[in-house]
Each structure stands twice: as C-alpha cells, then as structure tokens.
Amino acid sequence: MAEAGADQSHGHHMDPATEYSSSKLGMWLFLGTEILLFGGLFAAYAIFHARYPEMFFEQHLELNRTMGAINTCVLIFSSLTMAMGVSAIKWGKQKTAATFILITIVCGIIFGVVKYFEYSAKFEHHIYPDTSIFFSLYFLMTGLHMIHVFIGLALLAVIFVLTLKGKFNAKYNTPIELGGLYWHLVDLIWIYLFPLLYLVG
Amino acid sequence: MANHSIAHNVYVPFLEKKGFLSWILTTDHKRIGILYLVSISLFFLIAGFIALLMRFELLTPASDFVDPHTYNVLFTLHGSIMVFFFIVPGLAASFGNFLIPLMIGARDVAFPKLNIASYWIYLLGTAILLFALLKPADTGWTFYTPYSATTNTDVVLLTFGVFVLGFSSILTGLNFIVTTHKMRAPGMTWHRLPLFIWASYATAVLQLLATPVVGITLLLLITERTLGVGFFDPAKGGDPILFQNFFWFYSHPAVYIMIIPAMGVISEIIPVFSRKPIFGYKAIAYSSLGIAFISFLVWAHHMFTSGISETAAMIFSFLTFLVAIPTAIKVFNWTATLYRGSIQLHSAMLYALGFIFLFTIGGLTGVFLGALAADIHLHDTYFVVAHMHYVMIGGTVMGFFGALHFWYPKWFGKMFNETVAKIAWFFVFVGFNVTFFPQFFLGIQGMPRRYASYPAEFESLMALSTYGSWILAFGILIMAVNLISGLISGEKAPENPYNSLSLEWQMPSPPPHENFEEIPQVTDWTYGYGKKKELEV
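Protein chains in written order, with my numbering: chain A, 1 to 201; chain E, 1001 to 1537.
#1: Using a C-beta to C-beta distance shorter than 8 Å, which residues of chain E count as neighbours of serine 120 of chain A?
#2: What did DSSP end up calling proline 1512 of chain E once you bin it into helix, strand or coil?
#3: When the cut-off is 8 Å and only beta carbons count, does glycine 1402 of chain E lie next to chain A?
#4: Compare the beta carbon distance of valine 1156 of chain E and arginine 1055 of chain E with 8 Å and say whether it is the shorter of the two.
#5: Specify the secondary structure class of threonine 1151 of chain E as computed by DSSP and reduced to three states.
#6: Quick one: measure Cβ to Cβ for alanine 1185 of chain E and glycine 1105 of chain E, integer angstroms, because I've assumed they're closer than 8 Å.
#7: Is it buried or exposed, tryptophan 1425 of chain E, if we count other Cβ atoms within 10 angstroms and call 16 or more buried?
#8: For phenylalanine 30 of chain A, return the contacting residues in chain E, with the cut-off set at a CB-CB distance below 9 Å.
#9: Identify, in the order they occur along the chain, each residue of the same chain with its Cβ nearer than 6 Å to the Cβ of histidine 1302 of chain E, setting aside the five sequence neighbours on each side.
#10: Pull up the distance between the alpha-carbon of phenylalanine 1416 of chain E and that of lysine 1422 of chain E, whole angstroms please.
#11: Evaluate serine 1453 of chain E with the Cβ neighbour count: other Cβ atoms within 10 Å of its Cβ, from every protein chain shown; 16 or more gives buried, anything less gives exposed.
#12: Looking only at DSSP bridge pairs, what is proline 1013 of chain E linked to?
#13: On the criterion of 16 or more Cβ atoms from any shown chain inside 10 Å, does threonine 1180 of chain E qualify as buried, or is it exposed?
#14: Starting from valine 1331 of chain E, trace the alpha helix (DSSP H) both ways and give me its first and last residue.
#15: Roughly how many angstroms separate the alpha carbons of methionine 1001 of chain E and threonine 1026 of chain E, rounded to a whole number?
#16: How close, in whole Å, do the beta carbons of methionine 1388 of chain E and methionine 1258 of chain E come, if the pair is a contact with beta carbons under 8 Å?
#17: Run through chain E and tell me which residues come within less than 8 Å of aspartate 130 of chain A, C-beta to C-beta.
#18: Using a Cβ cut-off of 7 Å, pull out every chain A residue sitting near histidine 1181 of chain E, in sequence order please.
#19: Any chance the segment 116 to 133 of chain A sits against the segment 154 to 170 of chain A, with 3 or more Cβ pairs inside 8 Å?
#20: Is there a C-beta anywhere in chain A that falls below 8 Å from the one on isoleucine 1471 of chain E?
#21: If we cut at 8 Å on Cβ distances, does glycine 1366 of chain E have a partner in chain A?
#22: Using a Cβ cut-off of 7 Å, which residues of the segment 131 to 143 of chain A contact any Cβ in chain E, in chain order?
#23: Could you give the C-beta distance for tyrosine 1390 of chain E and leucine 1442 of chain E, rounded to a whole number, given that I count them as a contact under 8 Å?
#24: Can you list, in chain order, the stretches of the alpha helix (DSSP H) that have 4 or more residues and sit fully within the segment 1452 to 1531 of chain E?
#25: Distance check for alanine 1348 of chain E and threonine 174 of chain A, CA to CA, integer angstroms please.
#26: Less than 8 Å between CB atoms is the rule here; does threonine 104 of chain A satisfy it with respect to chain E?
#27: Under three-state DSSP, which class holds threonine 1305 of chain E?
#28: On the DSSP letters alone, give me the boundaries of the alpha helix (DSSP H) that serine 78 of chain A sits inside.
#29: Around the Cβ of glutamine 94 of chain A, are there at least 16 other Cβ atoms within 10 angstroms (buried) or fewer (exposed)?
#30: So is threonine 1223 of chain E in contact with chain A if we call contact Cβ pairs under 8 Å?
#31: Is it the case that the Cβ atoms of glycine 1280 of chain E and alanine 1352 of chain E are separated by a distance below 8 Å?
#32: Counting only Cβ-Cβ distances shorter than 7 Å, please list the residues of the segment 1240 to 1262 of chain E near chain A, keeping chain order.
#33: Got a sec: which bits of the segment 1102 to 1114 of chain E sit with their beta carbon under 7 Å from any beta carbon on chain A, in order along the chain?
#34: What are the boundary residues of the alpha helix (DSSP H) that tryptophan 1190 of chain E is part of?
#35: Looking at the unbroken alpha helix (DSSP H) that takes in aspartate 227 of chain A, where does it start and where does it end?
#36: Quick one: list the residues of chain A neighbouring valine 1178 of chain E, beta-carbon separation under 8 Å, in chain order.
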C-alpha cells in the first residue's frame, strides 16, 4: 500500500474546524438527496390518493395501527437517545455516549422486528406489493425506509465500536454527529409514513 | 498545513508514480480526473461507433444492414451510453475534478476518499452495463413505459446500472459543492471565482436535486418488472404518463448537467484567446444558476403530445421560453468579449467558436420545439434528433474537445501538434454539420425518429447525413491520434503557454502532487487581460 500511503496528504489536508463544517455541509446535502429520493414516492402517493380515495381508505384499514404506533414511539425515542449520545460525547463522556448509541441500536432492531411481524401478517393474508396501488405504495415506501433503517443500524454499529475504543472525544466526534443526523432522517421519514399510510389512508 | 512532501520543496509531478494500484487507489483529484477522462472517452468512442452503424443502416431506405430489432437495440445503447456513461459524468467529473481545486487554490477536493469512491461506483455501474449487454434493451434511452415494462429484453440490468451511476453523480456533485464553499484560497471570493467554477457549481446543484428523482423512477420501473408493482400500468390502475413526468423531471435538468460545464469551459477559453477581460462576468456567473433554476420548471415540454392538458401545455411552453434568456445572456457576453479582442485562433479557440455557432443553432431550434404549435408537428421527428445533437455535440462535445486542447499542456505536461489539431477541428466541424443539418429538413418533412427503414423520398438527405457521419468520425480519429501521439512524443509543455492569468497556469506542467507549495493569496479576478503588460504568445 506504499502508493496509497504516499497519497495521504490528499486525505488529510484540512484543519479540523474546516473538516468539521465541510463534513456537516456534505451530510446535509446528502440528506437533501435522500428526501428527494423519497419525494418521488410521496408524489406518487399524492397522485394516486387523489385518484383512488376509496381504495386508500378501504385498504388502509388492513394495516395494523397498533404496531405502527408502537414503532413510531420506538423510533422517536431512539432519536432522543441518539441526540443524547451526541450531547454526551460533546461533553467528553465516552461511556455514556456509547450507552446511548447502544440503546438507539436496540430501538432500531425492535423497529425491524415489529416490521417483520407486520410484513409476515400481510403475506399470510396474501397481500403483496402487486395486490393494489395502495399496497404497492405501502410496501415500497416502508421497504425503502427499512433499507435506510438497516444502513443506519450498520453505521451506528461501527460508530458504537469506535466510541467504545475511545476514538471520539469532546474535540473530535464528527462521525457520531453525522450518524445521528442520518438516524434523525430515518426517523423523520417514518413520521410522515405512519400517518399517510396507517392513519389517513 | 505543513506537510512532509512540501517541506523538501521538490517538484514531483502528479503523473510521476506508475502502476495500476497507484491509479485505482489514488485520492489525488488530478488522477481521478484522468480516470474519468479515460473512461468517458472510451464510452464516447464506443457509443460513437454504434452511431456510425446506425447511420450506415440508414444509407438506404430498406432495413438491410441490420434488422429493425437490432436497430432498436443500437439506438438504445447509443443513447444510454452517450447520456449516462459519457456526457452526464463528462466534463463535470473529468475536468471538474482536475480543475476545481487548482482554480480555487486548494490542495484537493473536500472529500478525497469519497471522490475515488465515486469513481469506483462509476466503474460498478459500467460493469453492470456490460452484463446488460448480454440481452440488450430495445426501449430507447428514455425507458418509456408501458413498453419498457413489457419488452422481454433486459431493461432491469440496464436501468439498475444507470441507478448506480446516479450515486456516483450525486456524490461527485456533493463533493464539488462542499469544495467550492469550504476550500477556496484566501482572497478567492465568490466574485473572483473563474466562471468554470460557477458553472461546475450550478451543475453540482442540479446533480444533487435531479438525480435522486431519476433514481427512484428507475427503481419503480425495476419493481414494475420484478414485483409486479403497477404505478405505470393502466391495467393495474397506474399511469404511464407518470413515468414520463418523473423521468423528465430529472432528464430535463440533466440536459443542463451536460451543457453547463461546457459553457464554463467556453467562458475560460474565450477571454484568454481574445486577450480581453470576460464581458459581463456576473451575468454569466448568475445565468448558470438561472438556467439551473428554470430547468426544473420545464420538464413537460417533452410531453406535449402525450396527452397532458392544454393549460399545462401552454404553461410549460411559456416557461420553456424563459430558458432562452439566461442562455442568450451567455452567448451575448461571449460575443461581446470577442468584440475588438486580439483573437488568436488556437485549436481550443476554434472549438469555442464552434460551440457558440452550433450551440446557438441548437438553442434556437429548441425554442421552435418549446413552441406548442410547432412541437405538435415536429415532436418525435428528426428535427428533435438534429436539435438535440446540435446542443449535445455542437455544444457539450465541442466544449469537451475545446477543454481537451486547452488544458492538455497543463494536465499532461506535453504539447500536441497544433496544425494537425486545426485540421481535425475542420473535419469535425464540417462533418458534424453535414451529418445533422439535413436532419432538420428530414424532420420538417415528417421523418419520424427511431426507424430502421424510411420512404425512398428521404434517401438523398439520409445518405448525405450518413456521409457526414464519416467525415465527423474521420475528424475525431485525427484528433485522437494527434492527442495520443502528443502524449508519447510531444514536446514538453511550458508552465503557461497561453499567458493565462488563472491559478492553474501559475504552476509547473503537469502540476505537482500537492498543487501548491503554499496556498496562494488571491488579490484579483482571473480575467484581467489587456490591462497588465503582457508578453506576446
């Protein structure tokens, strides 16, 4: 890896303050593109909801509101613990930060398990993505969201291990903050999905 | 900022290191630029060769050289490769990578590792494309439903490849935006930035805003074929027009992702070879952003005959005319820069002048197509094909060739043969016009696009167009040979062969690994030509 080593000056060429603000700007831009990605699905939702209001009303009753509500609470709570993790590391408390990140991860896993039971129940009732426009939207929107939950969990797992190893402190904690931003986005999207699919119908 | 390799104060050109790994693992923006340059040039030649095959088929009215299905596959591949693999990454990824840090006085882009990761993603996309060639799609590069949802060719792989490329495009754009905001040298204020940077910035904004939408659109098309989702299928309550809306919401702005960097190149070349300050700097700079903004409001002008409402069509037609304003602002300002300049007809300048001439034709015929009444007649005819190629080849590719000739000495530290370059330009310019100008007439006479055969009455114009494609290909061949032989046996390039005032020319050719020994302190814009005492070139 001698070649790559010689290139290192191109990898670390900013002072920490610029690096921090650049990373944050980059992350916000990326989150913007994520919202646009989901934007296509939200646009499709708006169009088909306007076109088939009865179908949306009738079929949304098939969704399990209780499970959806539980998952909403779990995700909002996980956003809180994530934010507390970020605060903790800014005060230099590595162990507290690691604990909060771990709680966030556990919440994410709970969310996934609940979603697994929801999907299984749908399949048992022979409801699939090609059943109707409404269920296409349901599966695609929650499915794409689920992929983002998994990516978020993977990121948080890495961040958790690095935090335990003491890589982050009050001065340098950009990855935790960026991971937190990403997790909040995952939460935010769900906060729109839940009422649109489970409640409004 | 102190750094071991600078401390020794030895000039190490960035091209010094050899070996495959030193390229594929590099985080140096100049090398990544070369990786993109080589990749997109290859795809340009491949897709150009496919175009030659298509033109050869069209030499005679009957479909005798290839069968109609093969012809459909050929134009799908030509369009998809040219658009997604060559022209969208194109100037932005190759010259953008090379020039942005050099021009703003930085050692690299903001995220060098993300930069090489973007290139790997680009490679992944191309690998998927190669697999897609096993059973190539025949939908055209627009992948219109319902046909794309039902054809038994491999639409899924091709669209998935394009989806992956989208990530590369988004991450590159993100990198460039952050770089422009955070990495400018002291004194490099926004209004001192070279216009190529303004253009790249506007392009990057478009990449971020538009690409995710085509991403989700192609993903929906893939689920349509794999999961049986019916958003675009009328039989399932879906709407094929929705696909067109989604698709053009990206693909119209994408047209400006392709053209705006070329406009930036022209804004750099013209003042250097006119020895005059650029005219209307702020107007050119902000018109790039203006084009980017308006480009999001015009997508349905691709759909005037698709059954959208008359009111919508009228509004979109009106909005489309608005794009002409910032575009014309640029053309007027370039022309005003040329006015009473001491013009040097360097090969790069010839391409820049070619750009202004051809792009004006391309832009004005775009206004014809934006006009509702005219478009009903011209939609999906060769008129559209001609218009699009006047913008994409006459515009973007001319800008690309101009950039190649202009920054070649800086990038590779070698000179090419200028006389041969001019001869190549002549063949490219003439060949291009002979190929595509007849297509305006074909379109007005009603010849639809995308057919392997045609009525005998069109034969003379069709044949003329095919002859033109040979002249064009010959010109590109001479150009390629000239540039490649320059790499092998060209003279060593001086630091600043054209007496340019821009930062990238104030360093050895090729640039040192670290770009700048010391980050420069910028005190003026880069277009102060004719005011300072200048050496004759």
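The C-beta atom is built at its ideal place from N, Cα and C for all residues, glycine as well.
Once the coordinates are examined:
#1: Within 8 Å Cβ-Cβ: nothing; serine 120 of chain A doesn't reach chain E, min ~17 Å.
#2: strand
#3: no
#4: no
#5: coil
#6: 3 Å
#7: buried
#8: Ile1170, Leu1171, Leu1174, Leu1208
#9: Trp1248
#10: 11 Å
#11: exposed
#12: E:Pro1512
#13: buried
#14: 1310 to 1338
#15: For methionine 1001 of chain E, the predicted model reports a pLDDT of 38, less than 50, meaning its position is unreliable and no value from the coordinates is stated.
#16: With a Cβ gap of about 10 Å, methionine 1388 of chain E and methionine 1258 of chain E do not count as contacting.
#17: Leu1227, Gly1228, Val1229, Gly1230, Lys1236
#18: Leu25
#19: no
#20: no
#21: no
#22: Ile133, Ser136, Leu140
#23: Between leucine 1442 of chain E and tyrosine 1390 of chain E the Cβ distance is about 14 Å, and since that is not below 8 Å, they are no contact.
#24: 1459 to 1489
#25: 44 Å
#26: no
#27: coil
#28: 65 to 90
#29: buried
#30: yes
#31: no
#32: Leu1242, Phe1246
#33: Arg1107, Asp1108, Ala1110, Phe1111, Pro1112, Lys1113
#34: Note, tryptophan 1190 of chain E: premise wrong, no alpha helix (DSSP H); not H, not E.
#35: Chain A is shown from 1 up to 201; residue 227 of chain A falls before or after that span and cannot be answered.
#36: Ser22, Leu25, Gly26, Leu29
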